[in-house]
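Novice:
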Amino acid sequence: MTTVIKVGGARAVDPAGALSDVATLVEGEQSEPSEQSSGHGPREDVVLVHGGSTAVDDTLERLGIEPEYVETPSGVVGRFTDAETMEVFEMVFGHLNTQLVAGLQSQGVDAVGLNGVDGKLLYGPRKSAVRVVEDGKKKIKRGDHSGTIKEVNTDLLDSLLDGGYVPVAAPPMAGSEARSASEDSSGDDEEPRERIVPVNTDADRTAAAIAAALDARLVLLTDVAGVYEDPDDPETLIETVETGEEWQALEAAAEGFMSRKIMAAEEALDGGAPEVVVADANADTPVTDAVSGGGTHMFQEAIEEL
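Once you know that position 39 of the sequence shown is 39 in full-length UniProt numbering, the rest is easy, because the numbers rise by one and skip nothing.
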């Protein structure tokens, strides 16, 4: 079984438990060996995906740049990534990736850091203009550096996993845009070639795309224990979602940042992931807890009924 684990970038999320848990999974260890067991279970293939939007905002503010968020006509709020923000984004995500790789290597894990541009791990069209709602009016806002993942380089991931490595992946993605004829220096009459540029993409949806491409279980670790019918009542945790009706109830319950995670979960399940779990990143053993029944578990059959 391959598991894709996404560690959130919120201030309240400490990745230490997840890193230790990843080491346990890839070493095939069991936390409580039985008398019949040597203490080692089957080794799991793991891909770790990380976010970092909070760190990007913090860095922008230290540089005197105001982070900009926009609302789409469908009501989704996301970052507007202009050229200056994109430079900060690349710097911050590169730093976070290195820190997580070092953390895993300190646990004895052969981790390899990747961004979506490396080997075109995450590839798709760049969106330079986005539709937004400002003051109740729909507008086109240009100059965005974002993209939509259409392809995942599974050959690259499989080669690393087969070699015993743990890929640590994150945005930016490889954004494709047309190169004008004047920019094309090929000197022949062929169609202008594409130009690849690093662009922002959502980390939850990045993890979803990778899980779907690998037909892997997806674990989304965040700063809450799952999805609640009532976010103010910890007794209302939604534990399993197996039917279309339960999925609709889940969507109705998800608010704010959680609605984006449910969107990512649906993309993962629709693409081939058998299961998605939203669970608490700050548990002592967050991944083990998640795959053992903790958090909110969503299954492929739920969206098949929609």
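For glycine and all other residues, C-beta sits at the position ideal for the given N, C-alpha and C.
Threshold first: 4 residues or longer. Then list the alpha helix (DSSP H) segments lying entirely within the segment 189 to 241, N to C.
Specialist: Listed in chain order, the complete alpha helix (DSSP H) runs (minimum 4 residues) inside the segment 189 to 241 are 203 to 214.
Novice: If you measure between the beta carbons of Asp202 and Leu220, is that distance less than 8 Å?
Specialist: As a position in the sequence shown, residue 202 is number 202, starting the count at 1. As a position in the sequence shown, residue 220 is number 220, starting the count at 1. No.
Novice: Could you check what DSSP says for Phe299 in three-state terms: helix, strand or coil?
Specialist: Counted from its first residue, the sequence shown places residue 299 at position 299. Correct three-state label for Phe299: strand.
Novice: Between the alpha carbons of Ala302 and Asp230, how many angstroms are there, rounded?
Specialist: In the sequence shown, the residue the question calls residue 302 occupies position 302. In the sequence shown, the residue the question calls residue 230 occupies position 230. For Ala302 and Asp230, the distance between alpha carbons rounds to 21 Å.
Novice: For the ligand HEM, any of its heavy atoms closer than 7 Å to the Cβ of Ser128?
Specialist: Questions concerning the ligand HEM fall outside what the structure shown contains, since it holds no ligand whatsoever.
Novice: Give the range of the alpha helix (DSSP H) segment to which Arg260 is assigned.
Specialist: On the sequence shown, residue 260 is found 260 positions in, with the first residue counted as 1. Note, Arg260: alpha helix (DSSP H), 257 to 271.
Novice: So within the segment 145 to 183, which uninterrupted alpha helix (DSSP H) runs reach at least 4 residues, ignoring any that extend past its ends?
Specialist: With a minimum length of 4 residues, the continuous alpha helix (DSSP H) runs that stay inside the segment 145 to 183 are 154 to 162.
Novice: Go to Gly51, then tell me how far its alpha helix (DSSP H) extends in each direction, as first and last residue.
Specialist: Along the sequence shown, one-based indexing puts residue 51 at 51. Careful: Gly51 lies outside any alpha helix (DSSP H) and carries neither H nor E.
Novice: Three or more C-beta pairs under 8 Å: does that hold for the segment 1 to 19 against the segment 208 to 222?
Specialist: As far as the Cβ criterion goes, the segment 1 to 19 touches the segment 208 to 222, which means the pair count is three or higher.
Novice: I'd like the span of the alpha helix (DSSP H) that includes Gly103, first residue to last.
Specialist: Against the sequence shown, residue 103 aligns to sequence position 103. Here the alpha helix (DSSP H) through Gly103 covers 83 to 106.
Novice: Which first and last residues belong to the alpha helix (DSSP H) in which Glu245 is found?
Specialist: Reading the sequence shown from its first residue, position 245 is the one you call residue 245. It spans 244 to 253 - the alpha helix (DSSP H) in which Glu245 sits, taken as one unbroken run.
Novice: Taking 8 Å as the threshold (C-beta atoms), are Lys150 and Gly113 in contact?
Specialist: As a position in the sequence shown, residue 113 is number 113, starting the count at 1. As a position in the sequence shown, residue 150 is number 150, starting the count at 1. Taking 8 Å as the Cβ cut-off, Gly113 and Lys150 do not qualify as a contacting pair.
Novice: Three or more C-beta pairs under 8 Å: does that hold for the segment 132 to 149 against the segment 95 to 108?
Specialist: Segments in contact, no.
Novice: By alpha-carbon positions, which one of Asp135, Phe89, Glu87 ends up nearest to Pro73?
Specialist: In the sequence shown, counting from the first residue as 1, residue 73 sits at position 73. The shortest Cα separation from Pro73 among Asp135, Phe89, Glu87 belongs to Asp135.
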